[in-house]
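A.B. asks: First the structure, which I've put down as structure tokens, then a few questions once you've had a look.
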Amino acid sequence: MALALFDLDNTLLAGDSDYSWGRFLVSAGAVDGPRYEHANAQFYEAYKAGTLDIAEFLAFALEPLRRLPRPQLFAWRARFIEECVRPMIKPWVAPLLQSYRAQGATLALVTATNDFVTAPIAEILDIPHLVATVAEQRDGRFTGRPHGIPCFREGKVMRVRSWMADHGLTFTDSVFYSDSHNDLPLLEAVSRAIAVDPDPVLLATATERGWEVLRTDPPAQALLA
22 MALALFDLDN TLLAGDSDYS WGRFLVSAGA VDGPRYEHAN AQFYEAYKAG TLDIAEFLAF
82 ALEPLRRLPR PQLFAWRARF IEECVRPMIK PWVAPLLQSY RAQGATLALV TATNDFVTAP
142 IAEILDIPHL VATVAEQRDG RFTGRPHGIP CFREGKVMRV RSWMADHGLT FTDSVFYSDS
202 HNDLPLLEAV SRAIAVDPDP VLLATATERG WEVLRTDPPA QALLA
């Protein structure tokens, strides 16, 4: 296997890091609690329904990065990773990733969640490549805007193709693990699509097309490729 791609939220994690980061900011008193919590939940429901306006969501999600002091942001992020993300890592993930490393595959985490949140997650998972929505920075400050194409739906495929071109890779011998119908464009592009605890739309599509389906709650058996 030359290329192993992994979605993050609700795939490698038993939860959504983007949504959880918003909730963490509420609990830390960094944002207007009830109003922010309500908007965060609405965006998450729109994502699950396949109706998310990515530009509108990123304006919401990246605004705290622009407004809050940078040292405080990094301190909160460190707490968030330890308190919220580590407990969400599914128990089968480490051996699965190691199996691909043993095969000499190139591993990449491919996620719509912005790189401020996901860069340290890629590090703790020991996944060397991250293809994520980029939180724009200028003069050492976050602008509150995305840089380039958001890594979402068709944009995820575009971002992966650009990354592959930079690394001399193709989809010829590739696998992608995801839970979400929002990832159908990338699932359709790889040579081996694996639906992990899929949402109903992805499950129906995977069943129709004969894709592999993994159920990991309780932890699935025979996960290793």
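Quick note on numbering: the sequence shown equals residues 22 to 246 in my numbering.
All residues carry an ideal CB built from backbone N, CA and C; glycine is no exception.
What residue from 53, 148, 152, 59 has the CA that sits closest to residue 187's CA?
C.D. replies: What you label residue 187 is simply residue 166 of the sequence shown in a count that begins at 1. It is 152 whose Cα lies nearest to the Cα of residue 187.
A.B. asks: For the alpha helix (DSSP H) that residue 96 lies in, which residues bound it at each end?
C.D. replies: Here residue 96 is taken as the residue at index 75 of the sequence shown, counted from 1. Its alpha helix (DSSP H) spans residues 91-101.
A.B. asks: Quick check: residue 34 and residue 145, are their CB atoms within less than 8 Å of each other?
C.D. replies: Counted from its first residue, the sequence shown places residue 34 at position 13. Counted from its first residue, the sequence shown places residue 145 at position 124. In this structure, residue 145 does not lie closer than 8 Å to residue 34 by Cβ.
A.B. asks: I need the straight-line Cα distance from residue 98 to residue 138, nearest angstrom please.
C.D. replies: Numbered from its first residue, the sequence shown carries residue 98 at position 77. Numbered from its first residue, the sequence shown carries residue 138 at position 117. Approximately 7 Å, taken between the alpha carbons.
A.B. asks: Return the residue from the list 121, 163, 167 that minimises the CA-CA distance to residue 133.
C.D. replies: In the sequence shown, counting from the first residue as 1, residue 133 sits at position 112. Residue 167 is the option with its Cα nearest to residue 133.
A.B. asks: Using the C-alpha atoms, what's the distance from residue 26 back to residue 247?
C.D. replies: Given a span of 22 to 246 for the chain in the structure shown, any question on residue 247 remains unanswerable.
A.B. asks: Check whether the Cβ atoms of residue 199 and residue 208 lie closer than 8 Å to each other.
C.D. replies: Residue 199 sits at position 178 when you count from the first residue of the sequence shown. Residue 208 sits at position 187 when you count from the first residue of the sequence shown. Result yes, Cβ atoms of residue 199 and residue 208 sit closer than 8 Å.
A.B. asks: So the alpha helix (DSSP H) residue 226 belongs to, where does it begin and stop?
C.D. replies: As a working note, residue 226 is residue 205 in the sequence shown. Run containing residue 226: 221-230, per the alpha helix (DSSP H) assignment.
A.B. asks: Expressed to the nearest angstrom, what Euclidean distance is found between the alpha-carbon atoms of residue 60 and residue 103?
C.D. replies: On the sequence shown, residue 60 is found 39 positions in, with the first residue counted as 1. On the sequence shown, residue 103 is found 82 positions in, with the first residue counted as 1. In a straight line, the C-alpha of residue 60 is about 25 Å away from that of residue 103.
A.B. asks: Which word fits residue 162, buried or exposed, when buried means at least 16 other C-beta atoms lie within 10 angstroms of its C-beta?
C.D. replies: The residue given as residue 162 occupies position 141 in the sequence shown. The residue is exposed, with fewer than 16 neighbouring Cβ atoms inside 10 Å.
A.B. asks: Consult DSSP for residue 165 and reduce its assignment to one of helix, strand or coil.
C.D. replies: For this step, residue 165 is matched to residue 144 along the sequence shown. Residue state, collapsed to three classes: strand.
A.B. asks: Starting from residue 154 and walking both ways along the beta strand (DSSP E), at which residues does that stretch end?
C.D. replies: In the sequence shown, the residue the question calls residue 154 occupies position 133. Segment 150-159, the beta strand (DSSP E) holding residue 154.
A.B. asks: Taking DSSP as the reference, what is the three-state secondary structure of residue 208?
C.D. replies: Translated into the one-based positions of the sequence shown, residue 208 becomes position 187. Three-state DSSP puts residue 208 in a helix.
A.B. asks: Which residue's Cα is closest to the Cα of residue 86: 165, 189, 113, 226?
C.D. replies: Reading the sequence shown from its first residue, position 65 is the one you call residue 86. The residue with the shortest Cα to Cα distance from residue 86 is 165.
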